[in-house]
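Numbering of the sequence shown is given in the working numbering, commencing with residue 41 and proceeding in unit increments. In this text, a Cβ means the ideal position worked out from N, Cα and C, and glycines have one as well. Given the structure is predicted, the values throughout are model-derived calculations rather than measurements. So the structure is just underneath, and the comments pick up after that.
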Amino acid sequence: MTFRETRELADFALQVRTDCIRMTNHGQSGHIGSMLSMTEIVTYLYNRVLHVSAENPRDPNRDRFLLSKGHAGACVYAALCRLGYFPEDWLMTYYRDDGKLMGHISHHVPGVEFSTGSLGHGLPVAAGMALAAKIRKEDHRVFCLMSDGDMNEGSTWEAIVFAAQQKLDHLVGILDYNRIQALGFSKDIAELEPLEDKLRAFGWSVVTIDGHSYDALEDAFAKLPFACDKPSLVICRTVKARGVPWLENTVKSHYGFIPDDKVADAIAGCKAFRDTFVKEAV
Ligand SMILES: [Mg+2]
41 MTFRETRELA
51 DFALQVRTDC
61 IRMTNHGQSG
71 HIGSMLSMTE
81 IVTYLYNRVL
91 HVSAENPRDP
101 NRDRFLLSKG
111 HAGACVYAAL
121 CRLGYFPEDW
131 LMTYYRDDGK
141 LMGHISHHVP
151 GVEFSTGSLG
161 HGLPVAAGMA
171 LAAKIRKEDH
181 RVFCLMSDGD
191 MNEGSTWEAI
201 VFAAQQKLDH
211 LVGILDYNRI
221 QALGFSKDIA
231 ELEPLEDKLR
241 AFGWSVVTID
251 GHSYDALEDA
261 FAKLPFACDK
271 PSLVICRTVK
281 ARGVPWLENT
291 VKSHYGFIPD
301 DKVADAIAGC
311 KAFRDTFVKE
321 AV
């Protein structure tokens, strides 16, 4: 990836992180750690992978993107806003009574395919959409971004079995694998390792990458589908609350927002994180 491309993505991600911090602070609620964990993934998908457009958000040929970890929806809202799907003044209505942007992701917002919140719903619906597209001989792909908590849900594993059975090679699962979920570290709640081996045994094609590296994301997504007649899973190793050093990799970052007296410091941390991309790209 060129320096200019990396800088553009890093700038977009900084805008998204800043929006997430301000939106959750203003709404006095949200899941800030979960949003900052997946910011590079969302940035990369919307700028480089998904065939979608703000001008024609219901284009039948568009790629479908479902966020299964709907509690982190503000990250997707911010990206959609910055891509022109809706006015900027909607952002500060997040999580407010009578607001335009619901706390968990909602399909009433332009550009959002499906409402989620309870975990384990994204992949089953994405698999159904991918099967529908296959039956209709449509070429679009279906992407589903999941969390550690999603991988604890039986419905997710039913969809994993179903998608392999149906040979849904236009289905792409993405896991924001920060190893923390609502109430603790995943290793202490329901350990998923060896996850690659499990998914391969279930008939999926899998890669594991650094989910904060644009080069790694580009390398993985350029190879889709990883195997003919198999669904693909990109396991993205990430850090919860990435960009805010004092909050990174903490359970307390899962649910909550950054208070008024720490907002400026948090945004400064995100700017410093953005600068590491530009420095590395030189
Ligand atoms: Mg997690």
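Could you check the C-alpha separation between THR46 and THR316 for me, to the nearest Å? Within the sequence shown, the letter at position 6 stands for residue 46. Within the sequence shown, the letter at position 276 stands for residue 316. C-alpha separation (whole angstroms): 11 Å.
Given the structure, does GLY296 come close to ligand 1, in the sense that its CB is under 8 Å from one of the ligand's heavy atoms? One-based indexing of the sequence shown puts residue 296 at position 256. For ligand 1, no non-hydrogen atom lies closer than 8 Å to the CB of GLY296.
Decide if the stretch 83 to 94 is in contact with the stretch 278 to 296; the criterion is three or more beta carbon pairs, one per stretch, under 8 Å apart. With fewer than three CB-CB distances shorter than 8 Å, the stretch 83 to 94 does not count as touching the stretch 278 to 296.
Name, in chain order, the residues that DSSP records as bridge partners for HIS71. Against the sequence shown, residue 71 aligns to sequence position 31. DSSP output for HIS71 lists GLY296 as bridge partner(s).
With DSSP as the reference, identify every bridge partner of VAL246, one or two as the case may be. Stepping through the sequence shown from its first residue, residue 246 is reached at position 206. In the DSSP output, where bridge partners are listed per residue, VAL246 has LEU273.
Residue range of the unbroken alpha helix (DSSP H) whose run includes GLY213: In the sequence shown, residue 213 corresponds to position 173, counting from 1. Counting along the chain, GLY213 falls outside any alpha helix (DSSP H), though it belongs to the beta strand (DSSP E) covering 211 to 217.
Could you have a look at GLY162 and say whether DSSP puts it in helix, strand or coil? Along the sequence shown, read from residue 1 onward, the residue named residue 162 stands at position 122. Helix, per DSSP.
With SER195 as the anchor, note down where its alpha helix (DSSP H) starts and where it stops. Residue numbering aside, residue 195 sits at position 155 when the sequence shown is read from its first letter. The continuous alpha helix (DSSP H) containing SER195 extends over residues 194 to 205.
Span of the alpha helix (DSSP H), counted from its first residue to its last, around LEU239: Position 199 of the sequence shown holds residue 239. Start and end: 235 to 241.
N- and C-terminal bounds of the beta strand (DSSP E) containing LEU232: Counting from 1 along the sequence shown, the entry for residue 232 is found at position 192. That residue, LEU232, is in no beta strand (DSSP E); it is neither H nor E in DSSP.
Nearer than 8 Å: is that true of the beta carbon of ASN289 relative to any heavy atom of ligand 1? For the purposes of this step, residue 289 is identified with residue 249 of the sequence shown, where counting begins at 1. Of the heavy atoms belonging to ligand 1, none sits nearer than 8 Å to the Cβ of ASN289.
Quickly, what does DSSP pair GLY139 with across the bridge? List them, please. Walking along the sequence shown from the start, residue 139 turns up at place 99. None, per the DSSP bridge assignment.
Taking only three categories from DSSP, how would you classify ARG104? Within the sequence shown, numbered from 1, the residue matching residue 104 stands at position 64. The answer is strand: DSSP assigns ARG104 an E or B state.
Classify SER226 as helix, strand or coil using the three-state DSSP reduction. Stepping through the sequence shown from its first residue, residue 226 is reached at position 186. Of the three classes helix, strand and coil, the one that applies to SER226 here is helix, per DSSP.
Quick one, which of LEU208, SER187, ALA204 and GLU198 has its alpha-carbon nearest ARG181's? As a working mapping, residue 181 is identified with position 141 in the sequence shown. Closest option to ARG181, Cα to Cα, is LEU208.
Could you tell me the alpha carbon to alpha carbon distance between GLY139 and ARG282, rounded to whole angstroms? Along the sequence shown, read from residue 1 onward, the residue named residue 139 stands at position 99. Along the sequence shown, read from residue 1 onward, the residue named residue 282 stands at position 242. Looking at the backbone, the Cα of GLY139 and that of ARG282 are separated by about 27 Å.
Which first and last residues belong to the alpha helix (DSSP H) in which PHE266 is found? Within the sequence shown, residue 266 is the residue found at index 226, counting from 1. In the DSSP assignment, PHE266 falls outside any alpha helix (DSSP H), carrying neither H nor E.
Contact check, SER272 vs TRP244 under 8 Å by CB: the rounded distance? Numbered from its first residue, the sequence shown carries residue 272 at position 232. Numbered from its first residue, the sequence shown carries residue 244 at position 204. That pair is a contact at about 7 Å.
Counting only the same chain and skipping the five closest in sequence on each side, list residues whose C-beta sits under 6 Å from that of PHE261. To locate residue 261, count along the sequence shown from 1; it is residue 221. Sequence-distant Cβ neighbours of PHE261 in its own chain, meaning closer than 6 Å and more than five residues away, are VAL89.
Going by the DSSP bridge assignment, what does ILE220 pair with across the sheet? Working through the sequence shown from its first residue, we reach residue 220 at position 180. Bridge partners of ILE220: PHE225.
Since LEU123 contacts THR133 with CB under 8 Å, what's their CB separation in whole angstroms? Working through the sequence shown from its first residue, we reach residue 123 at position 83. Working through the sequence shown from its first residue, we reach residue 133 at position 93. The pair is not a contact, with the Cβ atoms about 18 Å apart (cut-off 8 Å).
Is the beta carbon of LEU76 sitting closer than 9 Å to the one on LYS280? Position 36 of the sequence shown holds residue 76. Position 240 of the sequence shown holds residue 280. It is a contact, given that the beta carbons lie within the stated cut-off.
Beta carbon of PHE297, beta carbon of GLN68: below 9 Å? Position 257 of the sequence shown, counted from the first residue, corresponds to residue 297. Position 28 of the sequence shown, counted from the first residue, corresponds to residue 68. Yes, these two residues count as a Cβ contact at 9 Å.
Host alpha helix (DSSP H) of LEU120 (start-end): Against the sequence shown, residue 120 aligns to sequence position 80. Start and end: 113 to 122.
If you run the structure through DSSP and keep just helix, strand and coil, what is VAL318? Start at 1 with the first residue of the sequence shown, and residue 318 comes out as number 278. In this structure, VAL318 counts as helix in the three-state DSSP scheme.
Answer yes or no: the CB of ASP188 versus the heavy atoms of ligand 1, is any distance below 8 Å? The residue given as residue 188 occupies position 148 in the sequence shown. Result yes, Cβ under 8 Å from ligand 1.
Can you name, in chain order, every residue of its own chain whose Cβ lies under 7 Å from the Cβ of LEU49, other than the five neighbours on each side? In the sequence shown, the residue the question calls residue 49 occupies position 9. Contacts found: THR83, TYR84, ASN87 and TYR254.
What is the DSSP secondary structure of LEU185, counted as helix, strand or coil? Counted from its first residue, the sequence shown places residue 185 at position 145. In the structure shown, LEU185 falls within a strand segment according to DSSP collapsed to helix, strand and coil.
Cβ-Cβ distance between GLU153 and ASN101 below 9 Å: In the sequence shown, counting from the first residue as 1, residue 153 sits at position 113. In the sequence shown, counting from the first residue as 1, residue 101 sits at position 61. No, the pair does not count as a contact, with Cβ atoms beyond the cut-off.
Of all the options ARG314, TYR125 and VAL246, which has the alpha carbon lying nearest to the alpha carbon of HIS147? Reading the sequence shown from its first residue, position 107 is the one you call residue 147. Comparing C-alpha distances from HIS147 to each of ARG314, TYR125 and VAL246 shows the shortest one belongs to TYR125.
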